[in-house]
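Inspection log for the structure reproduced underneath, given as structure tokens.
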Amino acid sequence: MPHDAFRPDTPMSVPAQPSSANDLSLIELHRFRLLINAISDYAIYMLSPDGTIVSWNEGARRLKGYETQEIIGQNFSRFYGADDLERGMPAHALHLAETTGKFEGEGWRFRKDGTRFWASVFIDAVRDQDGQLIGYAKITRDITERKQAAEALRASERQFRLLVQGVTDYAIYMLDAGGIVTNWNAGAARIKGYAGEEVIGTHFSRFYTEQDRAEGKPAFALASALSNGRYEQEAVRVRKDGSQFMAHVVIDPIYDDTGTFIGFAKITRDITEKLEAAATLKKTEIALQQSRKLETIGKLTGGVAHDFNNLLQVISGNLHLLGKEIGDNPRAQKRIARALDGVGRGAKLANQLLSFGRRQPLEPKAVNLGRFLSNFQDMVSRTLGESIETEVITSAGLWNAMVDIVQLENAVLNLAINARDAMHGTGKLTIEAGNAFLDENYARKHSDVNPGQYVMLAVTDTGTGMSPEVVAQAFEPFFSTKPEGKGTGLGLSMVYGFIKQSGGHIGIYSEIGHGTTIRLYLPRTTDTEHIVTPPEEQFVIGGSETILVVEDDEQVRSIVVDMLRELGYQILKAADAQSAFAIIESGVRIDLLFSDVVMPGPMRSTELARMARERIPDIAVLFTSGYTQNAIVHGNRLDAGVELLSKPYTRETLSRKIRHVLAKRSSS
1 MPHDAFRPDT
11 PMSVPAQPSS
21 ANDLSLIELH
31 RFRLLINAIS
41 DYAIYMLSPD
51 GTIVSWNEGA
61 RRLKGYETQE
71 IIGQNFSRFY
81 GADDLERGMP
91 AHALHLAETT
101 GKFEGEGWRF
111 RKDGTRFWAS
121 VFIDAVRDQD
131 GQLIGYAKIT
141 RDITERKQAA
151 EALRASERQF
161 RLLVQGVTDY
171 AIYMLDAGGI
181 VTNWNAGAAR
191 IKGYAGEEVI
201 GTHFSRFYTE
211 QDRAEGKPAF
221 ALASALSNGR
231 YEQEAVRVRK
241 DGSQFMAHVV
251 IDPIYDDTGT
261 FIGFAKITRD
271 ITEKLEAAAT
281 LKKTEIALQQ
291 SRKLETIGKL
301 TGGVAHDFNN
311 LLQVISGNLH
321 LLGKEIGDNP
331 RAQKRIARAL
341 DGVGRGAKLA
351 NQLLSFGRRQ
361 PLEPKAVNLG
371 RFLSNFQDMV
381 SRTLGESIET
391 EVITSAGLWN
401 AMVDIVQLEN
411 AVLNLAINAR
421 DAMHGTGKLT
431 IEAGNAFLDE
441 NYARKHSDVN
451 PGQYVMLAVT
461 DTGTGMSPEV
471 VAQAFEPFFS
481 TKPEGKGTGL
491 GLSMVYGFIK
501 QSGGHIGIYS
511 EIGHGTTIRL
521 YLPRTTDTEH
531 IVTPPEEQFV
541 IGGSETILVV
551 EDDEQVRSIV
561 VDMLRELGYQ
571 ILKAADAQSA
581 FAIIESGVRI
591 DLLFSDVVMP
601 GPMRSTELAR
611 MARERIPDIA
621 VLFTSGYTQN
631 AIVHGNRLDA
641 GVELLSKPYT
651 RETLSRKIRH
661 VLAKRSSS
């Protein structure tokens with residue numbers, strides 16, 4: 001059949017009633033031509049053997065923009081771009097169609113108006129009954145939208161791959177249905193330590209511990225993900241170097257577009273730091289609650305100690321005066337001595353309460369702990385007895401610590417006595433001093449610690465040790481594991497309060513059956529060491545100066561006045577600061593103002609002292625108290641130049657302090 005038969009403008013006579021096979025062929029051809037022309041989504045047209053367009057359907061007109069009369073007789077190469085023409089693509093397409101029977105491809109094609117579209121092209125060789133090539137049937141479809149969608153999908157996939165590869169906080173990778181690793185992102189490499197080429201193609205169970213593998217946990221995880229739609233867990237995982245970390249793991253099954261299961265998506269995150277931070281926060285909250293509880297108890301004990309010390313002062317003063325009055329009566333003097341010993345124990349108890357409550361006035365100085373321990377070791381050894389070995393170790397280049405040396409002696413002695421009791425009389429006590437730096441990481445785990453340089457003093461015993469439950473309560477006042485009557489439960493609480501008041505830190509490290517170590521961290525100072533000189537033996541010395549006694553407690557005021565008069569002093573007395581100021585304003589001669597710190601009424605003791613100095617420039621001032629609060633103590637230490645006599649005090653202590661303060665006035 002000549003190729004003109006395919007042209008739509010070729011005349012065709014179709015018989016109304018077919019009478020032969022030839023008539024039937026003409027009818028079928030006519031129907032085929034009508035069908036082709038009716039198709040508008042596909043450009044379907046015929047080419048001659050040399051590529052000349054010989055037919056044109058409605059789809060070709062709509063897609064390419066050419067009318068039939070203007071395109072018939074033109075070569076189909078006009079639809080190609082310059083690059084394709086230069087490469088000979090039209091001739092190549094026809095050659096493939098002729099030699100193989102078909103050409104199939106995609107590429108850019110151009111419309112009449114110069115716009116382009118992405119085309120899906122099919123070219124079939126058409127031959128006659130003798131097998132001679134008579135032309136080509138060409139079908140073209142605009143698949144630009146499909147092309148753009150495919151490119152968008154590929155771009156999205158590229159972006160997703162880049163995103164996954166760019167994530168370094170999460171290990172994101174794929175497993176096939178059997179658990180074999182098929183890809184690997186940068187986060188996986190960072191968290192697990194394997195490069196992609198080391199791990200792709202291996203089973204993901206390598207990231208589990210040996211015990212987890214033995215228990216079949218990798219297989220269980222995949223089975224759970226497949227049956228439940230997701231598997232999620234926090235567990236230990238293993239890095240390439242063998243180190244372990246806590247991981248949050250999510251495994252999801254993956255299905256293709258047909259719903260066929262093809263593998264798993266696995267996301268792992270290292271949550272070690274997160275869990276540690278949560279544990280630290282919990283520990284900090286517990287420590288804060290404990291600190292608040294201890295602070296509340298401290299305020300209560302401070303108030304109790306104040307009243308207690310006033311009572312002890314009355315008893316002590318009267319006992320001292322009574323002892324002087326009864327003279328040489330051995331039995332009476334012995335009883336008075338016992339009573340005074342009881343007062344001393346009571347004073348020690350009150351001092352421990354004040355120490356725990358951080359209410360005692362401190363006089364910190366630059367102290368070298370090496371020299372301190374060297375001088376103090378004999379006292380500790382005598383206290384513990386010969387059956388306990390004592391060793392002192394000091395590091396070279398020891399810094400100076402800022403601390404009240406008297407209170408430090410009490411603290412170390414308390415720790416030594418506790419250690420002796422824990423060792424039941426036999427064992428070894430080691431006291432060690434060294435430089436220490438508590439860093440930011442340590443401070444984050446201990447909310448009451450300021451990072452910085454400290455001098456550490458550790459007391460270690462070989463005793464029975466403490467359980468974690470006992471350690472948690474060890475610093476609470478009145479808590480004791482000793483039998484009833486064998487201890488007050490204030491030893492460690494006193495040490496705790498003193499160290500905190502000194503700006504330091506204290507820690508207990510103990511284990512049942514392995515002894516206990518208590519470490520005291522005292523703030524470092526660059527000040528020159530303060531050399532302590534032992535006090536010379538002094539006798540009770542009185543005087544004739546005039547002393548103004550200001551004390552709101554009538555019983556305390558009465559006994560103090562009696563003690564001072566017995567020492568030879570001239571006494572003026574007042575029950576509050578305002579009454580005392582009225583005496584000062586009267587112009588009477590006053591050498592020393594002896595005032596309680598805590599005063600009732602609107603005028604405070606410190607204000608009274610200031611106004612007294614304004615009117616009597618050479619007046620000496622001595623404060624006394626059983627509980628100083630914040631009137632003359634700031635930053636946990638006595639204000640500069642302030643003299644304080646803590647209650648209860650003895651007649652001898654009172655006499656020496658009075659002479660000391662008056663002597664300072666004379667020298668200045």
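In full-length UniProt numbering, the protein residues as written are 1 to 668. Using N, Cα and C, we set each Cβ at its ideal position, and we do this for glycine too. All of these numbers come straight from a predicted model, not from anything done at the bench.
Burial state of residue i, where buried means 16 or more other Cβ atoms lie within 10 Å
i: SER387; result: exposed
i: LEU175; result: buried
i: PRO468; result: exposed
i: ALA93; result: buried
i: PRO330; result: exposed
i: MET379; result: exposed
i: SER374; result: exposed
i: ASN418; result: buried
i: GLN407; result: buried
i: GLY178; result: exposed
i: ASN450; result: exposed
i: PRO648; result: buried
i: PRO90; result: buried
i: ASN441; result: exposed
i: HIS634; result: Note that HIS634 scores a pLDDT of 48, beneath 50, so its modelled location is shaky and nothing firm can be said.
i: PHE594; result: buried
i: GLN289; result: exposed
i: HIS95; result: exposed
i: LEU654; result: buried
i: VAL343; result: buried
Close beta carbons around residue i, own chain, < 6 Å, minus the five adjacent residues each side
i: LEU520; result: LEU457, ILE499, ILE506
i: ALA620; result: LEU592, VAL661, LEU662, ARG665
i: residue 671; result: Only positions 1 to 668 of the chain appear in the structure, and residue 671 is not among them; the question remains open.
i: ILE267; result: TYR170, ILE172, VAL250
i: ASP553; result: ASN310
i: ARG111; result: LYS64, GLY65
i: SER510; result: GLY465, MET466, VAL471, THR516
i: PRO11; result: In this predicted model, PRO11 has a pLDDT of only 46, less than 50, meaning its place in the structure is not dependable; the value taken from the coordinates is given anyway. Correct list: empty, nothing qualifies.
Start and end residues, alpha helix (DSSP H) containing residue i
i: PRO523; result: Segment 516-525 is the beta strand (DSSP E) holding PRO523; no alpha helix (DSSP H) there.
i: THR99; result: 89-100
i: PRO468; result: 468-473
i: ILE39; result: Premise fails: ILE39 is in no alpha helix (DSSP H) and is neither H nor E.
i: SER579; result: 577-585
i: LEU567; result: Looking at the DSSP string, LEU567 is not in any alpha helix (DSSP H), and its letter there is neither H nor E.
i: residue 705; result: Lying outside 1 to 668, the shown extent of the chain, residue 705 is not represented and no answer is given.
i: THR606; result: 605-615
i: THR68; result: 68-71
i: GLY59; result: 58-64
i: ARG551; result: Residue 551 is actually Glu in this sequence, not Arg. Looking at the DSSP string, GLU551 is not in any alpha helix (DSSP H), and its letter there is neither H nor E.
Residue i, enclosing beta strand (DSSP E) - first and last residue
i: GLN570; result: 570-574
i: SER174; result: Looking at the sequence shown, residue 174 is not Ser but Met. Run containing MET174: 170-176, per the beta strand (DSSP E) assignment.
i: ASP596; result: 592-596
i: LEU133; result: 133-142
i: ASP124; result: 116-127
i: GLY507; result: 505-510
i: THR624; result: 620-625
i: SER646; result: 644-646
Spatial neighbours of residue i in its chain, beta-carbon cut-off 8 Å, leaving aside the 5 residues before and after
i: GLN377; result: THR390, VAL392, ILE431
i: THR426; result: SER387, ILE388
i: GLU585; result: ARG615
Residues near residue i by beta carbon distance below 7 Å, same chain, minus five either side
i: GLY187; result: VAL167, THR168, ASP169, TYR170, ALA171, ILE172
Start-end ranges of the beta strand (DSSP E) lying completely within the segment 401-451, minimum 3 residues: Counting only runs of 3 or more, we get 427-438.
Beta strand (DSSP E) runs contained entirely in the segment 188-272, provided each spans 3 or more residues: The segment 188-272 contains these whole beta strand (DSSP E) runs: 231-238, 244-255, 261-270.
Any 3 or more C-beta pairs closer than 8 Å across the segment 124-141 and the segment 43-51: These segments touch.
Inter-stretch contact at 8 Å, needing at least 3 Cβ pairs: the segment 538-557 / the segment 508-527: As far as the Cβ criterion goes, the segment 538-557 does not touch the segment 508-527, which means the pair count is below three.
Any 3 or more C-beta pairs closer than 8 Å across the segment 382-398 and the segment 545-555: The answer is no - the segment 545-555 does not touch the segment 382-398, with fewer than three Cβ pairs under 8 Å.
At least three beta-carbon pairs within less than 8 Å, the segment 123-136 to the segment 77-90: No, they do not touch.
Whole alpha helix (DSSP H) elements within the segment 354-397, 4-residue minimum: DSSP runs (the alpha helix (DSSP H)) wholly in the segment 354-397: 369-384.
Contact the segment 523-530 vs the segment 567-577: 3+ CB pairs below 8 Å: With a cut-off of 8 Å, the segment 567-577 and the segment 523-530 do not count as touching, because too few Cβ pairs lie within range.
Contact the segment 322-336 vs the segment 364-371: 3+ CB pairs below 8 Å: Verdict: no, contact absent.
The segment 180-189 contacting the segment 217-229, beta-carbon criterion three pairs below 8 Å: At 8 Å Cβ cutoff, the stretches do not touch.
Three CB pairs or more closer than 8 Å across the segment 144-152 and the segment 229-249: Counting Cβ pairs under 8 Å, fewer than three are found: no touch.
Touching by the beta-carbon criterion (3+ pairs, under 8 Å), the segment 555-572 and the segment 605-616: Taking one beta carbon from each stretch, the segment 555-572 and the segment 605-616 have fewer than 3 pairs nearer than 8 Å; the two do not touch.
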